[in-house]
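Notes to accompany the following structure.
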Amino acid sequence: MICPKCGAKLTEDTKFCSYCGQKIEVTERQDDHNAYVGENFDETEPVIDFDTSKWEESKSQKAKKGKSIWDKLSIFEKIALVAFIVFVIMFVIAFLNGKIIASVIAIVQILLIIIAVLMEKEIIKIPMKWLNIIPLILAILLIFPYSSIYSVNYGNAEKFKWSDIVLGEMIPEPKSNFGEIHVNSESSLMIDLYKTNQTQYDDYIEVCKEYGFIQDTEELTYYFYAYDSEGNKLSLDYEEDNRMMRISVTKAKQYGTLDWPESGFASMLPVPKSDIGEVSQNDESGFCAYVDKTPIEDFQEYVSACADSGFVNEASESEKDYFAEDSEGYRLEVSYKGGNVIYISLQEPEFDVSIEVECEENWLFSKYDVEVYVDGVHEGTIEHGTTETFPLVLTKGVYELRFEKEDDDGVTGSVEIEVQEDEEFKYRISCTSSGIKVKAIADEVSSGDEESTSSEVEQDSMLTESEETESTSDETVDTTNTVSYSTNTKDTVKDGNAGVYAYMDDVGSYDIYWIIDFDEGCVYRFTYRTEDSICDRIQIDSGDLNSVLIITYHDGGDTWSRGLHFKYKNQPDTLVMQEEGGAEYEYYTTNLDSALSIRDEKTIFDY
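Given below as structure tokens:
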């Protein structure tokens, strides 16, 4: 009888195959087959004997061989082998998750294990045998920095009740109630929610849309912001590494009736359709206003009306911003802020002014250098006996040009200059022990031979220390920077790498200020119209405002960075602040003196 499963030869009365255990059922066909085999079987023919004991023996031998190899390894080699396998797995995990630093650490661990084994095998020669332990220990210790990359710092996060969120009814309740609340007031909310995955973040965006946040939307993979019909702003950021979603809500500011001025700067501009808003500046230097109930279509119509009014020179236009000057140099900015609010700013012209100063050289005495000031702002130093030119950008008005002996502000001289257009001024100064004599040099062209001659007009006599004190006591000098929002000139302010800049944005019930001070190498951030008395001071890490200026906060063991840059290259009118998650916020130029005055009332906190 033949086993139908393994083909082994069996006796006629076998019920189970002794080789494979197959149950043998005898059928009529099997009987016929057995009879046929019995009649025709030739014992001289070879018979295949399926002996499974050989297979089992082979498996056993392989297992014993593997165990024998493992047993032959030293303790050091066993540890190295296990560590090598673990580090390879760590590398694969880090690589698949896009963790570059973790991947590099795993590669270093693998290389250290290989070096340790080569030292053990004496392929790499070492003076002392035990030194091969060092790379092995180093490789194992690198597990700690590797693991820290995957750890999440929850900071001051804790569980909270959504009912405690003041603006909680404006937005849907998220699934996670574990986070850190930064701001929770009637005007704004900022909260970081942890233990939130990408799917939950995406689903939350869709629910927020159902709550009405569908106007002026901007949506990226990890960033979303939108307004509702009432002008309330919602911003969402997601950090995949920390599984953190940041929710920011700014309640719409309630504007009153806008009374558009009929005189001054406002009279140069078309009147907006909407009469809801407020005027934030209206003086001799400029005009600013916020206009509510102005959808993007009305914003575009207003920009066209401004262009028709003559604001077309040096024009720069985007979907939500328009910058231009008129023929007299008045500078216009119109920006769509979102939530049907636009910002309108018109500032007085700025003129390119050149001041050339020639210092007469003395032969023996009073050979000192001279400091130059324009309305109290230091512009540079003139070495004795040389000529210097100072390019400035000034608005229309009268300025004091003041000269002081270096290291002795008691020896001075000054004149007044009146700026009405692009102009060049030339002066000659004479240094004495008691004061500095200033003369204006007027260039004239002879009508006969067109040769240039110079005539000197003495504009102001020497001022002694006592005369200077008496003069300044009778009148107050109005200090004016060359650019209202910066210490830079009109040319250098575009560089974004020196001087001091001031920016501000009205976010509802309060204002946010940024002062970028390249002179001190730091950035100031503070709020106005709030009870917050703190001003943040953060050191500048690198960069400039035409590329990106990097600042990093250091709060205990926590660090986070922000980037600052001009919205458009070489156009300092608008500042963009970008957070680590990708969210961006815009700020607009504001008077530097006013910003510094507010800052000086705050308590500085260094990060």
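Residue numbers (the working numbering): 162 to 768.
The C-beta atom is built at its ideal place from N, Cα and C for all residues, glycine as well.
Predicted, not measured: the structure shown is a model, and the values here were computed from it.
Exercise for the section: Counting only the same chain and skipping the five closest in sequence on each side, list residues whose C-beta sits under 6 Å from that of Thr688. Expected result: Mapped onto the sequence shown, residue 688 falls at position 527. Cβ within range, chain order: Tyr671, Ile673.
Practice task
Taking 9 Å as the cut-off, decide whether the C-beta atoms of Leu395 and Tyr388 are in contact.
Solution key: Here residue 395 refers to the residue found at position 234 of the sequence shown. Here residue 388 refers to the residue found at position 227 of the sequence shown. Contact flag set, yes.
Practice task
With DSSP collapsed to three states, give me the class of Glu762.
Solution key: In the sequence shown, residue 762 corresponds to position 601, counting from 1. Three-state DSSP puts Glu762 in coil, outside helix and strand.
Practice task
Identify, in the order they occur along the chain, each residue of the same chain with its Cβ nearer than 8 Å to the Cβ of Thr751, setting aside the five sequence neighbours on each side.
Solution key: Working through the sequence shown from its first residue, we reach residue 751 at position 590. Counting only Cβ-Cβ distances below 8 Å, and skipping sequence neighbours, we find Tyr646, Ala663, Tyr664, Met665, Tyr674.
Practice task
Can you check DSSP and say which residues form a bridge with Arg407?
Solution key: Residue mapping note: residue 407 aligns to position 246 of the sequence shown, counting from 1. In DSSP, Arg407 forms a bridge with Asp353, Asp398.
Practice task
Given a cut-off of 9 Å, decide if Thr573 and Glu565 are closer than it, judged by their beta-carbon atoms.
Solution key: Taking the sequence shown and counting its residues from 1, one reaches residue 565 at position 404. Taking the sequence shown and counting its residues from 1, one reaches residue 573 at position 412. Going by C-beta atoms, Glu565 is nearer than 9 Å to Thr573.
Practice task
Output the boundary residues of the beta strand (DSSP E) element that contains Gln732.
Solution key: Position 571 of the sequence shown, counting from 1, holds the residue named residue 732. 732-740 is the span of the beta strand (DSSP E), which, as asked, contains Gln732.
Exercise for the section: Could you have a look at Arg344 and say whether DSSP puts it in helix, strand or coil? Expected result: Taking the first residue of the sequence shown as position 1, residue 344 is located at position 183. Reading off the sequence, residue 344 comes out as Val, not Arg. Strand.
Handout entry: Between the CA atoms of Gly742 and Asp767 - distance to the nearest angstrom
Key = For the purposes of this step, residue 767 is identified with residue 606 of the sequence shown, where counting begins at 1. For the purposes of this step, residue 742 is identified with residue 581 of the sequence shown, where counting begins at 1. About 23 Å.
Exercise for the section: Leaving out five residues on either side along the sequence, give the residues of the same chain with a beta carbon under 6 Å from the beta carbon of Ala255. Expected result: By 1-based counting over the sequence shown, the position of residue 255 is 94. Cβ within range, chain order: Ala263, Ser264, Ala267.
Practice task
Over the uninterrupted alpha helix (DSSP H) stretch that includes Phe256, give me the two end residues.
Solution key: By one-based count along the sequence shown, residue 256 stands at place 95. Taken as a continuous stretch (DSSP letters only), the alpha helix (DSSP H) holding Phe256 covers 236-257.
Exercise for the section: Tell me whether Thr573 sits in a helix, a strand or coil according to DSSP, three-state version. Expected result: Sequence index remark: in the sequence shown, residue 573 carries index 412 (1-based). In the structure shown, Thr573 sits in a strand (DSSP, three-state: E or B).
Problem - From Asp734, Thr713, Arg686, Glu584, residue whose alpha carbon lies closest to that of Lys655 - result: If you number the sequence shown from 1, residue 655 lands on position 494. Nearest of Asp734, Thr713, Arg686, Glu584 to Lys655, Cα basis: Asp734.
Practice task
Taking 8 Å as the threshold, find out whether the stretch 482-491 comes into contact with the stretch 517-530 through three or more Cβ pairs.
Solution key: no
Handout entry: Sequence-distant residues of the same chain with beta carbon closer than 6 Å to Tyr384, five excluded per side
Key = Residue numbering aside, residue 384 sits at position 223 when the sequence shown is read from its first letter. Excluding sequence neighbours, Tyr384 sits near Asp398, Gly743, Ala744.
Handout entry: Residue nearest to Phe252 in terms of C-alpha spacing, selected from Ser409, Ile271, Ile284
Key = Numbered from its first residue, the sequence shown carries residue 252 at position 91. For Phe252, the nearest C-alpha among the options comes from Ile271.
Handout entry: Test item: CB-CB of Ser515 and Leu562 under 9 Å
Key = Locating residue 515 in the sequence shown gives position 354, counting from the first residue. Locating residue 562 in the sequence shown gives position 401, counting from the first residue. Cβ distance not < 9 Å, so Ser515 and Leu562 don't count as in contact.
Practice task
Please report how far the alpha carbon of Asp667 lies from the alpha carbon of Tyr451, in whole angstroms.
Solution key: Taking the sequence shown and counting its residues from 1, the one referred to as residue 667 is at position 506. Taking the sequence shown and counting its residues from 1, the one referred to as residue 451 is at position 290. Put simply, the backbone Cα of Asp667 is about 9 Å away from that of Tyr451.
Handout entry: CB of Asp583 within 9 Å of CB of Phe512, strictly
Key = Your numbering for residue 583 matches position 422 in the sequence shown. Your numbering for residue 512 matches position 351 in the sequence shown. In contact: Asp583 and Phe512 (Cβ atoms closer than 9 Å).
Handout entry: Per DSSP, the bridge partner or partners of Ser263
Key = Taking the first residue of the sequence shown as 1, we reach residue 263 at position 102. Note on residue identity: the sequence assigns Ala, not Ser, to residue 263. None; Ala263 has no bridge partner.
Handout entry: Asn317 versus Glu341 - alpha carbon distance
Key = Taking the first residue of the sequence shown as position 1, residue 317 is located at position 156. Taking the first residue of the sequence shown as position 1, residue 341 is located at position 180. Cα to Cα, the separation comes out at about 6 Å.
Exercise for the section: Within the stretch 445-474, note down every full beta strand (DSSP E) run reaching 3 residues or more, in order along the chain. Expected result: 447-452
Problem - Thr713 - containing beta strand (DSSP E), residue span - result: Within the sequence shown, the letter at position 552 stands for residue 713. Start and end: 710-716.
Problem - Per DSSP, the bridge partner or partners of Thr547 - result: Looking up residue 547 in the sequence shown gives position 386. Partner(s): none; Thr547 has no beta bridge.
Handout entry: Pairwise C-alpha distance: Ile543 and Ile765
Key = By 1-based counting over the sequence shown, the position of residue 765 is 604. By 1-based counting over the sequence shown, the position of residue 543 is 382. When rounded, the separation of the alpha-carbon atoms in Ile765 and Ile543 is 36 Å.
Problem - Ranges of the beta strand (DSSP E) found wholly within the stretch 516-570, counting only runs of at least 3 - result: 531-535, 538-543, 548-556, 558-566
Problem - Sufficient close CB pairs (3 or more, under 8 Å) joining the stretch 461-470 to the stretch 427-446 - result: yes
Problem - Delimiting residues of the beta strand (DSSP E) encompassing Glu379 - result: To locate residue 379, count along the sequence shown from 1; it is residue 218. Segment 376-380, the beta strand (DSSP E) holding Glu379.
Problem - Local conformation of Asp769 per DSSP, three classes - result: With the chain running from 162 to 768 in the structure shown, residue 769 is simply not present.
Exercise for the section: Answer yes or no: do Ile185 and Cys164 have a C-beta to C-beta separation smaller than 9 Å? Expected result: Against the sequence shown, residue 185 aligns to sequence position 24. Against the sequence shown, residue 164 aligns to sequence position 3. Yes, these two residues count as a Cβ contact at 9 Å.
Problem - Sequence ranges, alpha helix (DSSP H) only - wholly within the stretch 659-699, length at least 4 - result: Counting whole runs of 4 or more residues, the stretch 659-699 contains no alpha helix (DSSP H) stretch at all.
Handout entry: Contacting residues, own chain, Cβ-Cβ under 7 Å from Lys481 (five flanking each side not counted)
Key = Taking the sequence shown and counting its residues from 1, the one referred to as residue 481 is at position 320. So the qualifying residues of the chain are Ser496, Tyr497.
Problem - DSSP beta-bridge partners of Phe339 - result: As a working note, residue 339 is residue 178 in the sequence shown. BP columns for Phe339 point to Lys320.
Practice task
Compute the Euclidean distance between the alpha carbons of Asn258 and Asn338, then round it to the nearest angstrom.
Solution key: The count along the sequence shown starts at 1 and reaches residue 258 at position 97. The count along the sequence shown starts at 1 and reaches residue 338 at position 177. Rounded to whole angstroms, Asn258 to Asn338 spans 27 Å at the Cα level.
Handout entry: For Gly704 and Ser409, the rounded distance between their alpha carbons
Key = Taking the sequence shown and counting its residues from 1, one reaches residue 409 at position 248. Taking the sequence shown and counting its residues from 1, one reaches residue 704 at position 543. So the alpha carbons of these two residues sit roughly 28 Å apart.
Practice task
Determine, using beta carbons only, whether Asp453 and Ser435 come nearer to each other than 9 Å.
Solution key: For this step, residue 453 is matched to residue 292 along the sequence shown. For this step, residue 435 is matched to residue 274 along the sequence shown. Yes; because the gap between Cβ atoms is below 9 Å, this pair is in contact.
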